[in-house]
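For the sequence shown, my numbering gives the first residue as 21, with consecutive numbering after it.
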Amino acid sequence: MVIRERLEVIGGRVFPATCRFDFDGAPMEVDVAKSLWALGHGLIPVRGERTMAAVVLMCLDQQSMSLPGEDTVPADVDQVLGVARRLVAVGAVGHDDELGGYLVPRYDLPAAFRK
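What follows is the structure, encoded as structure tokens:
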């Protein structure tokens, strides 16, 4: 996993900062964009999907980060899952094996997806 101290733009793609938090005293690091990509593609087992969405929600809130096509941080786990699916459907989230998860800037989204 690529660890980023701050958001970076590389080749027109936005690579968010790594989300860091403690879970039961153990440090955790999450690539929010790659997690959204995995959720949107249904790659997280059903038993862990809502937990991963809750972690993503916490990270988005922690970083006050809105997503392409969204004006605010999703309000709950169900909204995170819906947003992840929409981002995948329009190609606004992805991952690069070397660089990590990325988002496509809002202005590159199809007009129908923009708010």
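Each residue gets a CB set at the ideal place from its N, CA and C atoms; glycine is no exception.
Check: Report the CB separation of Val-100 from Leu-77 in whole angstroms; it is logged as a contact under 8 Å.; Outcome: 5 Å
Check: Between Gly-111, Val-124, Val-93, which lies nearest to Gln-82 when the distance is taken from Cα to Cα?; Outcome: Val-93
Check: Sort Val-22, Asp-91, Ile-30 by Cα distance to Ser-55 and report the nearest one.; Outcome: Val-22
Check: Please report the distance separating the alpha-carbon of Asp-91 from that of Arg-106.; Outcome: 14 Å
Check: Please tell me whether Ala-53 and Phe-35 are closer than 8 Å, where the distance is taken between their beta carbons.; Outcome: yes
Check: Put Val-103 into one of helix, strand or coil per three-state DSSP.; Outcome: helix
Check: If we count the other Cβ atoms within 10 Å of its Cβ and call it buried at 16 or more, is Asp-96 buried or exposed?; Outcome: exposed
Check: Taking only the alpha-carbon atoms, compute the straight-line gap between Ser-86 and His-115 and give it to the nearest angstrom.; Outcome: 18 Å
Check: Apart from the five residues just before and just after Leu-119, which ones in its own chain have a Cβ nearer than 7 Å to its Cβ?; Outcome: Val-22, Ile-30, Phe-35
Check: What number of angstroms, rounded off, separates the C-alpha of Gly-89 from the C-alpha of Val-66?; Outcome: 26 Å
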